[in-house]
Amino acid sequence: MNKVKNAGKLSLSDSVLELFDLKFLPRWVILVIDILLLLISLLVSHLLILELNVKHYNVFPLLYVFLAIIGTNVLYMYIFKTYLGVIRHSTFVDLFKIFMANLSCVLTILIINYSYYITFQKKLILVPFLGLYLAISCLFLFVFRLCVKGIFNIIKENKRSSSRKKIFILGDDDTSIAIAQVILSNPNLPFDIKGFISYNSKKVMTKLLDKKIISRTDFINALQKGNSEVDGVLVIKEALHKDELDFWVNLFLEHNLKIYKAPSMQKLRSKDIINNIKTIQIEDLLNRKQI
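Numbering (my numbering), first residue to last: 22 to 312.
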């Protein structure tokens, strides 16, 4: 009963994250979607031909001709294995396989078309129609895969951003900038840099690494007014005097902010950066022994 109640409380974001957690679609689902896109491509090509006031040949019913095209296309999709792989990880190789499958289908139909013409002096299908079908079907299948890939990338980035800790970096010197560059260049780090806290009020109107600079006074005022939407502050312990460090630690404790210690430049160059940026104990910041 509780599960039913909880299910009714699921938000749109929960559904989106559940969609992201779906590792891959079954192959038959991908094949069915591809066949639907082929049918739509046939319909669009047919409508374009009608707009040009061109009539199809009436050797065989048009439905049979369309079914033959779809059947041939599906056969080549099976041969080239276009339905394999994970859609959101599609590459140019996958797109090339789709193009080859569709091109092989059209070439096969053309061979049958001209073979029939040589034998019976009648054509089965319009060549311009096949050209339109090849272009439109490739376009639809390409766009489908690119859209899925783009949507999953957006969901992935949103999920990653929502789980990141929003932090400010205390300071705007070369060391602070270097640390920020490392964090920004590593998407695996669980931090989202919102800006820098500067002691120089003249820098407030500028940006560093496309992140805003907020003055020390403005940051403190925002904290006291409850307008600061940050989870913590990254401090460079070695760059702060003891009195200044005491002031910041007391301020962070008062407003329940996490305090992260920036690693040394030598550790920043190592590959294990995630373990080098961590929440630290207040005793460690203040150089006090535990009681």
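The beta carbon of each residue, even a glycine, is placed where N, CA and C say it ideally should be.
Model, not experiment: these values are computed from the prediction.
Check whether residue i and residue j have beta carbons under 8 Å apart
i    : j    : result
G216 : I235 : yes
I130 : T93  : yes
I139 : V95  : no
I54  : F173 : no
L229 : D194 : no
S317 : I157 : Outside the modelled stretch of the chain, which goes from 22 to 312, sits residue 317, for which no answer is possible.
C126 : Y85  : no
Same chain, Cβ closer than 6 Å to residue i, neighbours up to 5 away in sequence not counted
i    : result
G152 : none
K30  : Note that K30 has pLDDT 42, beneath the 50 cutoff, so the model's placement of it is unreliable and no number is given.
L60  : none
Rounded Cβ spacing between residue i and residue j (contact assumed at less than 8 Å)
i    : j    : result
V256 : L191 : 5 Å
V148 : K187 : No, V148 and K187 are not in contact; Cβ-Cβ is about 60 Å, not under 8 Å.
L105 : L155 : The pair is not a contact, with the Cβ atoms about 22 Å apart (cut-off 8 Å).
F150 : I70  : 5 Å
F163 : I108 : Not really, about 12 Å apart at Cβ, beyond 8 Å.
S249 : R237 : 13 Å between Cβ atoms; not a contact.
K258 : L266 : 7 Å
L362 : L272 : Only positions 22 to 312 of the chain appear in the structure, and residue 362 is not among them; the question remains open.
Own chain, CB closer than 7 Å to residue i, minus 5 neighbours either side, in chain order
i    : result
Y99  : none
I387 : Nothing can be reported for residue 387, as the shown portion of the chain is limited to 22 through 312.
F161 : L58, I61 and S62
F87  : L63
M121 : F101
R48  : Y104 and L105
S222 : S236
Selection from the options that minimises the alpha carbon distance to residue i
i    : options                   : result
F81  : V95, I146 and L60         : I146
K198 : V75, A283 and L58         : The question names Lys, yet the displayed sequence has Ile at residue 198. Residue A283 is the option with its Cα nearest to I198.
Y78  : R185, V95 and Q142        : Q142
F189 : L167, I175, M121 and K232 : K232
G171 : T112, N207 and C159       : T112
N179 : P208, L128, H276 and G247 : P208
H110 : V169, A89 and E72         : V169
K76  : L52, K144 and V50         : K144
Runs of beta strand (DSSP E) wholly within the stretch 186-262 (minimum 3 residues, chain order) = 186-191, 212-219, 232-236 and 253-256
Which full runs of the alpha helix (DSSP H) of 4+ residues lie inside the stretch 128-170, going along the chain?
-> none
Write down every uninterrupted run of the alpha helix (DSSP H) in the stretch 53-111 whose length is 4 residues or greater and which is fully enclosed by it, in chain order.
-> 83-101
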